[in-house]
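A.B. asks:
Residue numbers (our numbering), protein chains in the order written: chain X, 1 to 444; chain B, 1001 to 1444.
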């Protein structure tokens, strides 16, 4: 949607909202529908090709407004996450369907998605341990639990363990900054020998520093063997898996007893928000952790099994109607449009990579798989820190650094919807100009 | 703002956004400002009288756009929560000011505000205990910690304790459904005698079932004496304290060593979102709990003390620019406009109360202080359950029940911005009509 269409559609939407406010008293106080009404009103998969905005707005009145905020908010979310699951070619067991045990939930942020999975895993571990040592208190068991994640994992994983009050160990990575099975296995064996209870692994597909991919085909069987919950943090790379050429990076998801998957940062440019999703095979695993049913939250379909109460799947009680954005985006772009967008972003990163590789003063520091290019000037960390300072002070582009194997590395990320080849070329020209100036300075 | 003005302003805003998108390349990549730039550009208090929408929009370009998303998002939030603090006549120590140690943060939801305060209190308690028993591990201390809240408290308080992995005890209430000092004191003494460590009290001002007010003037000194963190959950009643006649309900907040305050549900009709705020006297108390600083989140003002990093104050990492809504609402209504709105809502509740009191078949079940009326038909719980069923099935109004002293009670809540006396009269007529029909049925 270009700015011109945005003006037109935006103003139509303002009129729609104003009309709603003016006539709200004519609308029913709450809907007269059976649980599950929504699924049969819309297709079971996202369209391949874009649909028109008019058609989507027509469906607002047909599909959403009769179900108002509730149950439409919940039911659209369930179906949209099924659409997304199918776009990702997830195994059938992760799809809610009409009677599935799996399903997804939109979490507020990726940090909350990870935290929620860790808390659910903690609860499951305590119940399991108590079946064979019933005299142990919950808190005693907490003190023995140990979680694992990559030394390259996002800080939110360590923070989740701090909040959950459990130990976390950082698994060293291989030369590609990925966690391998043998490193995890070794740590788990050590910890078991020390009387600890390994219960949770957070693997990352697309790490923050360098977009590395932990080897989940190796980690999965270890998790299964040790009764550990495996959560996959794909907050950055997740959405790229809707392209068949990137889908193999998710291979290994099939075999696990429990998998959380969050992510879809890549699509956030469409959504105006990131869409962290927790996806589980057995919904009772995640619901069981913190279910509370005071009288003021009871409703008549509570025990029917027909209704999904997303409040049990998350930290907050209230929730926003974020699946509406998924619905609009999936339909306005179509699967092919979304794939094209991801491919374009990756192509722009590859374009930047080849500019770097063609300049012998620079080096590429990690494989470029998606939209992130890790690079640096050959030379000292200080030299690269000075280059970044020059870039920051000139305020033309914005780069965030990282540390890889003790080296200070610059990160070039494609993330705006409107980025084109000319921006890549301008950015590189700017960087090489500043590099030229830097290398002219007397102390270099 | 009526629907007509909403149409006009909404369309202007669409144009503003479209223009931003079209010309984004002309804007600086990031702002060239010193930390703290925003405070001197706007008044230090909310206006008493409404300001014009034009004036506020002019300030968007003058105050916000030069500071873009960051630091404007953070700095406006700090100042808006100071405005709110002054509207609430909070003690100086809760105001951030230019060098204060206090301050506020907008949390995602009330549940998160409570959770965050409990986690911060847990962290503080562990550090305190470790100063005199340095051999105890964190998890050992967790197992001894005990939190307290009212038996009438919202389910999110118990859920916070479950997430934090600490024990929670429910304090019985008096005949007004309020927690009193002696009940808390008794429990604390019992628990200390049993070797436990009391560390946290969540008091409620305006409980969910009946809008009861815990006696914080009695609870505060006990918390201080026992080194317990006192959090005040005023999620419902909080915003009414901007009216001098309701402010005494918050008396007792002054004396505490640490106080969290969340709430402002009442204002949510303006905000289109609830605004749960955590407010602390010592910001290090809340920041200390989960501070993490990986390289990709470092910035040059990190250690200067000039910058507030709200990510340390909350569960998620990212955050929305919600203080913009506060800024618009405070200015478009003015303090007097907001007070008038709250008074109108309370008056409507009082109107409903007198209708109930005039009908001898009914009784009022709890003092009507703000916008909630708890009432029931004199008679059995079954009778009242049947009345609620009739009300629900007729779909004219929506009531949520509660249980008070074992009695099934109906709750009538004023919560829409546009509710008028005629809606109250219609609702009561509807309820009495259904009551008439119910009492005609053969089994009554």
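Glycine residues also receive a C-beta, built at the ideal position from the N, C-alpha and C atoms.
(1) For residue 1412/B, I'd like the list of residues in its chain whose CB is within less than 6 Å of its CB, leaving aside the five on either flank, ordered along the chain.
(2) In terms of residues, what are the limits of the beta strand (DSSP E) holding residue 403/X?
(3) For a cutoff of 8 Å on Cβ pairs, would you count residue 1046/B as touching chain X?
(4) I want to see whether chain B comes within less than 8 Å of residue 10/X, judged by CB atoms only; does it?
(5) Which value, in whole angstroms, describes the spacing of the CA atoms of residue 433/X and residue 354/X?
(6) Can you list, in chain order, the residues of the segment 1020 to 1046 of chain B whose Cβ is nearer than 7 Å to any Cβ on chain X?
(7) Is the CB of residue 7/X under 8 Å away from at least one CB in chain B?
(8) I need the boundaries of the beta strand (DSSP E) containing residue 363/X, first residue and last residue.
(9) Where in the segment 1115 to 1174 of chain B do unbroken runs of the beta strand (DSSP E), each at least 3 residues long, occur, reported from the N-terminal end onward?
(10) Per DSSP, what are the beta-bridge partners of residue 407/X in this structure?
(11) Can you name the start and end residues of the alpha helix (DSSP H) that residue 1083/B belongs to?
(12) Going by DSSP, which residues form a beta bridge with residue 377/X?
(13) Which residues of the segment 381 to 402 of chain X have a Cβ closer than 7 Å to any Cβ of chain B? Give them in chain order.
(14) Please name the residues in the segment 109 to 121 of chain X whose beta-carbon is closer than 9 Å to at least one beta-carbon of chain B, in chain order.
(15) Ends of the beta strand (DSSP E) at residue 1202/B?
(16) Leaving out five residues on either side along the sequence, give the residues of the same chain with a beta carbon under 6 Å from the beta carbon of residue 1174/B.
(17) Does the Cβ of residue 1117/B have 16 or more other Cβ atoms within 10 Å, making it buried, or fewer, making it exposed?
(18) Using beta carbons (cut-off 8 Å, strictly below), is residue 1195/B in contact with chain X?
(19) In the segment 1182 to 1242 of chain B, which residue ranges form an unbroken beta strand (DSSP E) of at least 3 residues, counting only runs that do not cross its ends?
(20) Rounded to the nearest angstrom, what separates residue 70/X and residue 252/X at their Cα positions?
(21) Taking only the alpha-carbon atoms, compute the straight-line gap between residue 1102/B and residue 1096/B and give it to the nearest angstrom.
(22) Kindly indicate which residue of 1047/B, 1084/B, 1020/B and 1061/B has the alpha-carbon position closest to the one of residue 1238/B.
(23) Can you tell me whether residue 1102/B is helix, strand or coil according to DSSP?
(24) By how many angstroms is the C-alpha of residue 62/X removed from the C-alpha of residue 20/X?
(25) Does DSSP put residue 321/X in a helix, in a strand, or in coil?
(26) Can you name, in chain order, every residue of its own chain whose Cβ lies under 7 Å from the Cβ of residue 419/X, other than the five neighbours on each side?
(27) If you draw a straight line from the C-alpha of residue 274/X to the C-alpha of residue 1408/B, how long is it?
(28) If we cut at 8 Å on Cβ distances, does residue 1164/B have a partner in chain X?
(29) In whole angstroms, what is the alpha-carbon distance linking residue 393/X and residue 431/X?
(30) Pick from 1225/B, 1082/B, 1166/B and 1204/B: whose alpha carbon is nearest that of residue 1188/B?
(31) Which residues of chain B have a Cβ atom closer than 7 Å to the Cβ of residue 3/X, listed in chain order?
(32) At 8 Å on the CB atoms, spell out the chain B contacts of residue 233/X, in chain order.
(33) Quick one: measure Cβ to Cβ for residue 1011/B and residue 315/X, integer angstroms, because I've assumed they're closer than 8 Å.
(34) Can you pull the chain B neighbours of residue 15/X, defined as C-beta to C-beta under 7 Å?
(35) Measure how close the beta-carbons of residue 1088/B and residue 1241/B come, nearest whole angstrom, since I'm counting them as under 8 Å.
(36) Would DSSP call residue 270/X helix, strand or coil?
C.D. replies: Walking through what the data contain:
(1) 1352 and 1373
(2) From DSSP, the beta strand (DSSP E) with residue 403/X extends over 400 to 404.
(3) no
(4) Yes, because at least one Cβ of chain B sits closer than 8 Å to the Cβ of residue 10/X.
(5) Rounded to whole angstroms, the separation of the alpha carbons of residue 354/X and residue 433/X is 17 Å.
(6) 1021, 1022, 1028, 1029, 1030 and 1032
(7) Closer than 8 Å: yes.
(8) 362 to 364
(9) 1145 to 1150 and 1167 to 1171
(10) 404/X
(11) 1072 to 1087
(12) 362/X
(13) 395, 396, 397, 398, 400, 401 and 402
(14) 109, 110, 111, 112, 115 and 119
(15) 1197 to 1204
(16) 1180
(17) buried
(18) It does not; no Cβ of chain X falls within 8 Å.
(19) 1197 to 1204 and 1229 to 1234
(20) In this model, residue 70/X and residue 252/X are separated by some 36 Å (Cα to Cα).
(21) 5 Å
(22) 1084/B
(23) coil
(24) Using only the alpha carbons, I get a separation of about 15 Å.
(25) coil
(26) 348
(27) Bear in mind that the predicted position of residue 274/X carries a pLDDT of just 35, short of 50, making it too unreliable to give a figure here.
(28) With its beta carbon less than 8 Å from one in chain X, residue 1164/B belongs to the interface.
(29) Pairing residue 393/X with residue 431/X, the inter-Cα distance amounts to about 12 Å.
(30) 1225/B
(31) 1018, 1021 and 1022
(32) Contact note: residue 233/X does not reach chain B at a C-beta cutoff of 8 Å; the least C-beta distance is about 13 Å.
(33) Actually they do not touch by this definition, with Cβ atoms about 37 Å apart.
(34) In chain order, 1007 make up the part of chain B whose C-beta sits under 7 Å from the C-beta of residue 15/X.
(35) 5 Å
(36) Residue placement at residue 270/X cannot be trusted, given a pLDDT of 37 that sits under 50; what the coordinates show is reported in the next sentence. The answer is helix: DSSP assigns residue 270/X an H, G or I state.
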